[in-house]
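Top to bottom, those sequences are chains A and B. By the working numbering, the letter at position 78 of the first sequence is numbered 177, and the numbering carries on one by one without gaps. By the working numbering, the letter at position 76 of the second sequence is numbered 175, and the numbering carries on one by one without gaps. The beta-carbon is built from N, C-alpha and C at its ideal position, and this holds for glycine as well.
Protein chains: 2
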Amino acid sequence: MYRTHHCGALRIDDVNKKVTLSGWVQRVRKLGGMTFIDLRDRYGITQLVFDMETNAALAEQANKLGREFVVRVEGTVVERTSKNPDLPTGDIEIIIEKLDIIKASEVPPFTIEDESDGGEELRMKYRYLDIRRNPVKDALILRHKVAKAVRNYLDDNDFVEAETPYLIKSTPEGARDFVVPSRLSPGEFYALPQSPQVFKQLFMVGGLDRYYQIVKCFRDEDFRADRQPEFTQIDCEMSFVTQDEVIKMFSGMAKYIFKTVKGIEFEGDFPVMTYEEAMNSYGSDKPDLRFGMKIHQLNSVAQGKGFKVFDDAEYIGGICAEACANYSRKQLDKLIDFVKKPQIGAKGLVYVKYNEDGSFKSSVDKFYSQDDLKKWAEVFGAKPGDLILLISGEKNNSLNALNELRLEMGERLGLRDKNKFVALWVVDFPLLEWDEESKRFHAMHHPFTSPKEEDMHLLDTEAEKVRANAYDFVINGVEIGGGSIRIFDNKLQHKMFDLLGFTPEEAEAQFGFLMEAFKYGAPPHGGAAFGLDRWVALLNGSDSIRDVIAFPKNNAGRDIMMDAPAPVAKEQLEELSLSIRQNKE
Amino acid sequence: MYRTHHCGALRIDDVNKKVTLSGWVQRVRKLGGMTFIDLRDRYGITQLVFDMETNAALAEQANKLGREFVVRVEGTVVERTSKNPDLPTGDIEIIIEKLDIIKASEVPPFTIEDESDGGEELRMKYRYLDIRRNPVKDALILRHKVAKAVRNYLDDNDFVEAETPYLIKSTPEGARDFVVPSRLSPGEFYALPQSPQVFKQLFMVGGLDRYYQIVKCFRDEDFRADRQPEFTQIDCEMSFVTQDEVIKMFSGMAKYIFKTVKGIEFEGDFPVMTYEEAMNSYGSDKPDLRFGMKIHQLNSVAQGKGFKVFDDAEYIGGICAEACANYSRKQLDKLIDFVKKPQIGAKGLVYVKYNEDGSFKSSVDKFYSQDDLKKWAEVFGAKPGDLILLISGEKNNSLNALNELRLEMGERLGLRDKNKFVALWVVDFPLLEWDEESKRFHAMHHPFTSPKEEDMHLLDTEAEKVRANAYDFVINGVEIGGGSIRIFDNKLQHKMFDLLGFTPEEAEAQFGFLMEAFKYGAPPHGGAAFGLDRWVALLNGSDSIRDVIAFPKNNAGRDIMMDAPAPVAKEQLEELSLSIRQNKE
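Shown next, in the form of structure tokens:
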């Protein structure tokens, strides 16, 4: 037997027990004739004691142990003379009578400490050692707890966990599919699912009523920061529900997760905000509501005073940063540089300082009187000491820049506390968005999203104005999930494919089985999907989802531990009837 | 709102309630001036009543409803005059005041009844309709319950559910990998995991201590009956454990599943049988212990009497079928045909009838006296009325044929009751098996399995005799799972790869990261994996795992509902730098 207890188990009540422990050597300290070893496993650390006087040979052996050696020890639990209140096992230590080295260790490539000396690339290559560090181990355990909370909540609400296939048919709508060549059908391919969307809808057609799955999804995208080619989704669907009922169900799930995993209780319902309001007041469909600093439009009070930039602008809007009127020239210049960055793209920034003495100082004093500026301040409800920041131009671009500026100011003012969680639902998304490049509509959520009943009459005439029964769940400015009430009528689904530029033949080839399914008594249904990686990262206070994935890929989609992807044997390709094209010149 | 209650909810206590229900029309019956509709959803059936006298228009509308129409009704719960004790809702019915047709249905391609008129191929194509049938729906719900029981048990035992990647590196050891071409690394491929074996071992190196996952695995095999290219595994691993501890943990899991899901309690430990005993007594490493009928060897009592077939045989063995001495010539001939089938491959079958009067009648009376035959009967402990059946030849072939014959006789005698579950562990498997074709050893379990300490000295000399710390879990003759204590020493792992015919370069290229991991304080570890599909099929009394998979592939690996695999667009292949080879002549 390797152990009677793990390394986090023993307490003062266990004194005098004979115990056997196994674990990793975290630290060896010599103090006079004594040797102390911190023995570590997943559950904690227990202090082992070797005494030169009572057993010199054993103590010598202990002195030779290196970091990360795996050992098995037998000994007796005693009360410590100097206790360690920071450790759950800190009241006791083990006087060791027997020591076996199970496995020596070479010196690890980085220190196995909470603050490691290893860079990210090195820690990814030796991820199995990185997992020994508390921050990584704790993130994986947190992820386990979140998944467990999700399952418990959904189980209690009559959801059936059901598995959908991974080897499916390629449906190029949406992102790019990963494909899997079929050996038995040469020249044909399976695809890995971007989501189980179609299957969960078929479960509803099949009468399963409530379905969920925590499931891997795959997207072959050009990697950007914090995207992974495989990611995990909490995927859910319900029959005979309205949008309000779906929102209520998954608000309950979110509350249950926060309560179970973080001990945080939310009072009342999460706010529900329309897409339009979110865009106008926050410049984003995923507003961070940990702080106010709403965007206000100023066209009516700022135009017509001779300032050409504003007079020509489609949109003028701004935010009010409390108690920032004392910003220096240098600080303001930095903000101007920030909004002019290409990825933000504003042309400039107008500021108005509402001085403590009640006067205003702005970068546009030439055009606006104190009274004019006072009217602006009233729009924001600004107080003396506040700083108003304005951006103008094309409406959507300006709102986007104001969103970035608002987040930046929130960051600077310490208003984005990682331990504070503010959630909301954003609803009434547009059904479609126009893509200038391809000159056609794209589905804002996906092609199966139902238009709002009251906008249905616009489908043929002003499709861009049709709102969808779609909703996103947002926490702290991060889109954690979303969903929609689905189309369950084959004619409407056909029309939707048509709007999205599918020919009837393409629609039939790709989704014929779904439209066929709708002929046989499809129930009304809707659902939601949540990004488990992102939700756990948020709860863990991590900036990257890589921190909460056991074996993540790097930003180039590569597993640098096992070195994948990699070439395969010639015979494998031959069996698959494939050959590799050489790059064309 | 679509419903206040689902269709399995209402009881006698709900009488006089105003309710709203939604569901599918299972059946419309007209009886005099009344129309009765069975409204169905996942939860049950509720009877709706329409009365021609009180509301003729509504009753007319109801009469026109077809099977599988989706409707929403409002009405009042009343007590039935003639109750249906077979239905949980059988005490009540709903007098309908309002009826909305949510969605009409075309006539389904097969009847949505427990016994459908649809063949398997048709039901697979319309799997979403098949799922509406109770046997399929109940199988999916049973699967959910099993998964939930597994998670609850493992959670309670400190296992961490952790996800491993699906896009990994191809390791051609074992079955054939499915591969996934990488677009960003042209000419390179990911592979889909055949199991998370290597990752779970790395979790142990990482100190996670106890890991589990219910996870999809992939094997590109030539399809045989009841194989699926993707299947689901309950995958587990533990650190600092002995074989006995692993067996104890997962015996506990099996008992918990049986108790939770089927209400069956097992007393005491499951039997543990060595591989050698299983082979000698049952001719199989997965004996069906629902019945006895053990195989006995007869060489010592049957050779040397002039019967050349037996005298020349390496092995003579048989079984004793109770109370079958009255088998007719025709019945015996059928058994002879059975064992001579190519897949069983016996040359013939010798029988001995132990007549009720104490005399013996055999097919080899020419060579054996009554006394000789009496000695055979004693080996089996046979009684008057029993039938002894013997097969001889090469040992392994004969045992294999006797295993098939024993199962066939068990079937004929009704000894293989689907509602009876008998489990055991088979242990001490050989580490290696010799493959005549490739003239090299294969790992009987996998290359990471640890040899038994006491056989380690045979590794260099008689490797075929080395037993492994490997174990299989068998229920009713079906291998439900298995596992092993793993190698955790890089030198031993190197030696194992060497025995399996890997060059050092191949071993390094494929498993270098694992052997590197073992250098940094790897703990002793072991685990097990269980086939969820097979376990659920067994609990469900299904012969095929397809019955317990929501969207299975057919025997050619094809999803006939969505028609996958399928050709992909030329552009997709170009992006992947691939081209399809034309068949060579």
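For a contact defined as C-beta to C-beta under 9 Å, what are the partners of residue 671(B) on chain A?
For the purposes of this step, residue 671(B) is taken as the residue at position 572 of the second sequence. What residue 671(B) touches in chain A: 269, 271, 275, 276, 278 and 288.
For the structure I just gave you, are there three or more beta carbon pairs, one from the stretch 487 to 497 of chain B and one from the stretch 552 to 569 of chain B, closer than 8 Å?
Not touching, per the Cβ criterion.
Using a Cβ-based criterion (distance less than 8 Å to any ligand heavy atom), does residue 216(A) qualify as near the ligand FMN?
Because no ligand of any kind appears in the structure shown, any question about the ligand FMN cannot be addressed here.
Between residue 226(B) and chain A, is the shortest Cβ-Cβ distance under 9 Å, so that the two count as touching?
As a working mapping, residue 226(B) is identified with position 127 in the second sequence. Under the Cβ distance rule, residue 226(B) counts among the residues neighbouring chain A, one pair being separated by less than 9 Å.
In three-state DSSP terms, what is residue 426(A)?
Translated into the one-based positions of the first sequence, residue 426(A) becomes position 327. Residue 426(A): coil per DSSP, three-state reduction.
On the premise that residue 121(B) lies in contact with residue 171(B), defined as a C-beta separation below 8 Å, what is that separation, rounded to the nearest angstrom?
As a working mapping, residue 171(B) is identified with position 72 in the second sequence. As a working mapping, residue 121(B) is identified with position 22 in the second sequence. The pair is a contact, with the Cβ atoms about 5 Å apart (cut-off 8 Å).
C-beta neighbour in chain A for residue 319(B), strict 9 Å:
Mapped onto the second sequence, residue 319(B) falls at position 220. Yes, contact with chain A.
Starting from residue 490(B), trace the beta strand (DSSP E) in both directions and tell me its first and last residue.
Looking up residue 490(B) in the second sequence gives position 391. Element bounds for residue 490(B): 486 to 492.
Between which two residues does the beta strand (DSSP E) holding residue 409(A) run?
Mapped onto the first sequence, residue 409(A) falls at position 310. Boundaries for residue 409(A): no beta strand (DSSP E) harbours it, while the alpha helix (DSSP H) harbouring it runs 407 to 410, taken from the DSSP string.
Consult DSSP for residue 243(A) and reduce its assignment to one of helix, strand or coil.
In the first sequence, residue 243(A) corresponds to position 144, counting from 1. Judged by DSSP in its simplified three-state form, residue 243(A) adopts helix.
Three-state secondary structure (DSSP) at residue 324(A)?
As a first step, residue 324(A) must be located in the first sequence, where it is residue number 225. In the structure shown, residue 324(A) sits in coil (DSSP, three-state: anything other than H, G, I, E or B).
Going by DSSP, what residue range makes up the beta strand (DSSP E) through residue 125(A)?
In the first sequence, counting from the first residue as 1, residue 125(A) sits at position 26. Start and end: 117 to 130.
Rank 464(B), 144(B), 207(B) and 169(B) by C-alpha distance to the C-alpha of residue 191(B) and give the top, closest one.
For the purposes of this step, residue 191(B) is taken as the residue at position 92 of the second sequence. Ranking 464(B), 144(B), 207(B) and 169(B) by Cα distance to residue 191(B) puts 144(B) first.
Residue 446(B) versus residue 414(B): straight-line alpha-carbon distance, rounded
Against the second sequence, residue 446(B) aligns to sequence position 347. Against the second sequence, residue 414(B) aligns to sequence position 315. Cα-Cα distance, rounded: 13 Å.
Taking residue 619(A) as the query, report the chain B residues whose CB atoms sit under 7 Å from its CB, ordered along the chain.
For this step, residue 619(A) is matched to residue 520 along the first sequence. The contacting residues are 167, 204, 205, 207 and 228.
Could you check whether residue 340(B) and residue 307(B) sit closer than 9 Å to each other, using their CB atoms as the reference points?
By one-based count along the second sequence, residue 307(B) stands at place 208. By one-based count along the second sequence, residue 340(B) stands at place 241. Cβ atoms of residue 307(B) and residue 340(B): not closer than 9 Å.
Outcome for residue 469(B) when other beta-carbon atoms lying within 10 angstroms are tallied against a minimum of 16:
Along the second sequence, read from residue 1 onward, the residue named residue 469(B) stands at position 370. Residue 469(B) is exposed by the Cβ-count criterion.
What does residue 101(A) reach in chain B if we use C-beta pairs closer than 9 Å?
Translated into positions along the first sequence, residue 101(A) becomes position 2. Neighbours of residue 101(A) on chain B, chain order: 338, 339, 340, 341, 344, 622 and 623.
Counting only the same chain and skipping the five closest in sequence on each side, list residues whose C-beta sits under 8 Å from that of residue 674(A).
One-based indexing of the first sequence puts residue 674(A) at position 575. Setting aside the 5 residues that flank it on each side, residue 674(A) is surrounded in the same chain by 282, each with a C-beta closer than 8 Å to its C-beta; the list follows chain order.
Could you tell me whether the Cβ atoms of residue 623(B) and residue 101(A) are closer together than 9 Å?
One-based indexing of the second sequence puts residue 623(B) at position 524. One-based indexing of the first sequence puts residue 101(A) at position 2. Less than 9 Å separates the beta-carbon of residue 623(B) from that of residue 101(A).
So, is the C-beta of residue 649(B) closer than 9 Å to a C-beta in chain A?
Numbered from 1 along the second sequence, position 550 holds the residue referred to as residue 649(B). Yes, residue 649(B) counts as interfacial toward chain A.
Of the listed residues 302(A), 253(A) and 533(A), nearest to residue 687(A) (C-alpha basis):
Here chain A has residues from 100 to 684 only, and residue 687(A) is not among them.
Please report the residue range of the beta strand (DSSP E) in which residue 467(A) lies.
Reading the first sequence from its first residue, position 368 is the one you call residue 467(A). For residue 467(A), there is no enclosing beta strand (DSSP E), as DSSP marks it with neither H nor E.
How many Å lie between residue 405(B) and residue 466(B) at the Cα?
Translated into positions along the second sequence, residue 405(B) becomes position 306. Translated into positions along the second sequence, residue 466(B) becomes position 367. So the alpha carbons of these two residues sit roughly 6 Å apart.
Cβ atoms of residue 197(B) and residue 173(B): under 9 Å apart, would you say?
For the purposes of this step, residue 173(B) is taken as residue 74 along the second sequence, with counting starting at 1. For the purposes of this step, residue 197(B) is taken as residue 98 along the second sequence, with counting starting at 1. One thing to note: residue 173(B) has its Cβ within 9 Å of the Cβ of residue 197(B).
Ends of the beta strand (DSSP E) at residue 534(A)?
Position 435 of the first sequence holds residue 534(A). Here the beta strand (DSSP E) through residue 534(A) covers 531 to 534.
Taking only beta-carbon positions, decide if residue 254(B) is within less than 9 Å of chain A.
Position 155 of the second sequence, counted from the start, is the residue given in the question as residue 254(B). Interface criterion met: the Cβ of residue 254(B) is under 9 Å from a Cβ in chain A.
Using the rule of at least 16 other Cβ atoms within 10 Å of the residue's Cβ for burial, across every protein chain shown, is residue 206(B) buried or exposed?
Here residue 206(B) corresponds to residue number 107 of the second sequence, with the count starting at 1. Within a 10 Å sphere around the beta-carbon of residue 206(B) sit fewer than 16 other beta-carbons, which makes this residue exposed.
Check whether the Cβ atoms of residue 517(B) and residue 658(A) lie closer than 9 Å to each other.
As a first step, residue 517(B) is located in the second sequence; it is residue number 418 there, counting from the start. As a first step, residue 658(A) is located in the first sequence; it is residue number 559 there, counting from the start. Going by C-beta atoms, residue 517(B) is not nearer than 9 Å to residue 658(A).
What residues from chain B crowd round residue 304(A), counting only those whose CB sits closer than 7 Å?
Working through the first sequence from its first residue, we reach residue 304(A) at position 205. In chain order: 227.
Please name the residues in the stretch 652 to 682 of chain A whose beta-carbon is closer than 8 Å to at least one beta-carbon of chain B, in chain order.
For the stretch 652 to 682 of chain A, residues whose beta-carbon sits nearer than 8 Å to a beta-carbon of chain B comprise 652, 655, 656, 657, 658, 660, 661, 662, 663, 664, 665, 666, 667, 668, 671, 673, 674, 675, 676, 677, 678, 679, 680 and 682.
Cα-Cα separation, residue 476(A) to residue 380(A):
The sequence position of residue 476(A) within the first sequence is 377, counting from 1. The sequence position of residue 380(A) within the first sequence is 281, counting from 1. Those two C-alpha atoms are separated by around 16 Å.
Tell me whether the beta-carbon of residue 329(B) lies closer than 9 Å to the beta-carbon of residue 316(B).
Against the second sequence, residue 329(B) aligns to sequence position 230. Against the second sequence, residue 316(B) aligns to sequence position 217. With respect to residue 316(B), residue 329(B) sits close: the two C-beta atoms are nearer than 9 Å.
Apart from the five residues on each side of it in sequence, which residues of its chain come closer than 6 Å, Cβ to Cβ, to residue 419(B)?
Along the second sequence, one-based indexing puts residue 419(B) at 320. Cβ within range, chain order: 479, 481, 485 and 487.
For a cutoff of 9 Å on Cβ pairs, would you count residue 110(B) as touching chain A?
Mapped onto the second sequence, residue 110(B) falls at position 11. Not closer than 9 Å to any Cβ of chain A, the Cβ of residue 110(B) fails to qualify, so no.
Burial state of residue 243(B) (16 or more Cβ within 10 Å):
Here residue 243(B) refers to the residue found at position 144 of the second sequence. With a threshold of 16 other beta carbon atoms within 10 Å, residue 243(B) meets it and is buried.
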